[in-house]
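The structure appears right after this line, and notes come after that.
In our numbering, the protein residues as written are 4 to 592.
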């Protein structure tokens, strides 16, 4: 017999949760009703003050103590008022009726200047203190104050009916729910489980064949599934019993055959024992042969040891070759940087020659015109018109000279800073947008021969402590790769550079609308010596240098995405500030 019914345990758990929930909700409703009623009484006290303050004020002003006490008694007769205290302009109590707090302890002898809320949790009293203001001839004078008290008992007396209603409602709903749950559990769970338990207890294990359990229910629920599964289990057990009996019969037959085999094996053992002595002699002969083979193996082991020593020597040499190869790779990377710097020198030299040549021409022209002016002055043939023409030509020449010399100065300053940065890894403070524009300006000799454009988006106030040389090298390689590889066969390409920063990291989003690369080329993009221009003199170190600069020098990450015909995109991230910057000298020195 079951000690504890599953349905009763489940019903107890459900009803316990419901009782707890109902209790919490009812307490919450009672508390809300109490708070609302208390606020309502406070509002009524405020309204009463406005109603009776005029009569109290006039009575105190006219020193009519009897009228003041009468008004106070009238207020105390209101059911919600538990007590009242009226004071004059000196803080003395004129009337104190009903339950109240120690007014002197609260305010001493001072009058309140504005409305004050009072509440004492210990006694349950709460109320307001209002100033009494008398207006005469346009002047306002405070003649005293009045304090009205109500209590917790008043609030409870008002909400008691609501509390009874809430409790009664909860009890009715709980009773109805208990009856409903009892009926539902009895019909759907308790009775079917009891029936199932009884049938299982009455089940004869020795005569399972033909025995099934049946639950009287029309619904195809879990109990029905349990009934079907148990009946299938009984059928399988009966089938397994039949198979077991058949197997036992076969086992008896097998045991008989095994006995016959044992007799035959004994005969075979006797026959094979006679052959064992011959086998022992053969083993002795094999032992002699094994000893000979042992000698041969010992010689082979010695040979292998000498071979191992030779391999160790060759491994040491290979390690030395690897170190030399790494040193050669570092030198090759430095050579690549210097080659890029040499290309920058050649381009900037050509761009500087143009403004300097124009300046030399302007100075020669100005010298010639100055000589003519001097001759005219010496020969006394200088006219105002000739002097005016010389002044105009001198202005044009000096303007042209100033413009071209400024242009040459800008190119030299930009080249000087970029060249110094590319040859150094020193950390210094830079305005990132201005520095990027300087790098782009240094590549102007390459860009001016094409119709390609560069778009730069960067905050104007982005000032960072970084190895400026790494930044210039990265942007130089990005732009040159787009010019050489990305825009091959294209006349109007666009390079879009977007730079953003958060609290800790700087992000460079570089993309072009060039030819792009295939998936196979993209997998090898950062490999050293990989290039699609091998037959045209490409070294294949540009992207590898960028990878080393981003990861090792800037402690960042770089990733690339591309599709053929849709351009190439680089996504670079690294910390905003690397370290404390070194002293910075004027870049024009």
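Here a beta-carbon is modelled for each residue, glycine too, at the ideal position from N, C-alpha and C.
Here residue 387 carries a helix assignment [DSSP, helix/strand/coil]. About 49 Å separates the Cβ atoms of residue 180 and residue 87, ruling out a contact at the 8 Å cut-off. Positions of the beta strand (DSSP E) runs, each at least 3 residues long and wholly inside the region 284-309, cannot be given because no such run exists.
Annotated three-state conformation of residue 83 is coil, per DSSP. Sorting 462, 457, 467, 465 by C-alpha distance to the C-alpha of residue 483 places 457 at the top. For residue 238, the secondary structure class from DSSP, reduced to helix, strand or coil, is helix. Under the 10 Å beta carbon count, residue 90 is surrounded by 16 or more other beta carbons and is classified as buried. Pairwise C-beta distances place the region 17-29 out of contact with the region 100-120, as fewer than three of them are shorter than 8 Å. Assigned with DSSP and collapsed to three states, residue 124 falls in coil, not helix or strand.
Residue 525: member of the alpha helix (DSSP H) spanning 522-526, first to last residue. Residue 129 sits in a strand when the DSSP states are folded into three classes.
Cβ-Cβ separation between residue 83 and residue 138: approximately 29 Å, too far for a contact (criterion under 8 Å). Look at residue 146 here: in three-state DSSP terms it is strand. Annotation for residue 494: 454 place their beta carbon closer than 7 Å to its own, counting only its chain and skipping 5 residues before and after.
In the same chain as residue 85, and ignoring 5 residues on each side of it, the C-beta atoms closer than 6 Å to its own belong to 101, 102, 152, 153, 154, in chain order. DSSP places residue 99 inside the beta strand (DSSP E), whose first and last residues are 96-101.
DSSP links residue 152 through a beta bridge to 86, 130. DSSP places residue 476 inside the alpha helix (DSSP H), whose first and last residues are 471-484.
Per DSSP, the continuous alpha helix (DSSP H) segment holding residue 435 begins and ends at 435-445. Separation of the CB atoms of residue 59 and residue 135 is rounded to 6 Å, and the pair is thereby assigned contact status at 8 Å.
Scanning its chain for C-beta atoms nearer than 6 Å, with the 5 sequence neighbours on each side dropped, one finds around residue 501 the residues 460, 512, in chain order. Around the CB of residue 38, fewer than 16 other CB atoms lie within 10 Å, so the residue is classed as exposed.
For residue 278, there are no CB contacts under 8 Å within the same chain when 5 residues up- and downstream are skipped.
By the Cβ test, the region 106-124 is not in contact with the region 157-167, since fewer than three Cβ pairs between them sit closer than 8 Å. It is roughly 15 Å from the alpha-carbon of residue 275 to the alpha-carbon of residue 265. Rounded to whole angstroms, the separation of the alpha carbons of residue 253 and residue 247 is 10 Å. The alpha-carbon separation between residue 551 and residue 524 amounts to approximately 19 Å. Residue 392 and residue 372 have their alpha carbons spaced roughly 10 Å apart. In this structure residue 558 does not touch residue 576 by the C-beta definition: roughly 10 Å separates them, more than the 8 Å allowed.
Taking C-beta atoms under 8 Å as the contact rule, residue 389 and residue 379 qualify, at a distance of about 6 Å. Judged by DSSP in its simplified three-state form, residue 468 adopts strand. In this structure, residue 184 lies near residue 17, with their beta-carbon atoms less than 8 Å apart.
For residue 114, no beta strand (DSSP E) run applies, since DSSP gives it neither H nor E.
With distances taken between CA atoms, residue 503 lies nearest to 465 out of 157, 31, 465, 531. Judged by DSSP in its simplified three-state form, residue 373 adopts helix. Relative to the Cα of residue 487, the nearest Cα in the group 450, 96, 249, 282 belongs to 450.
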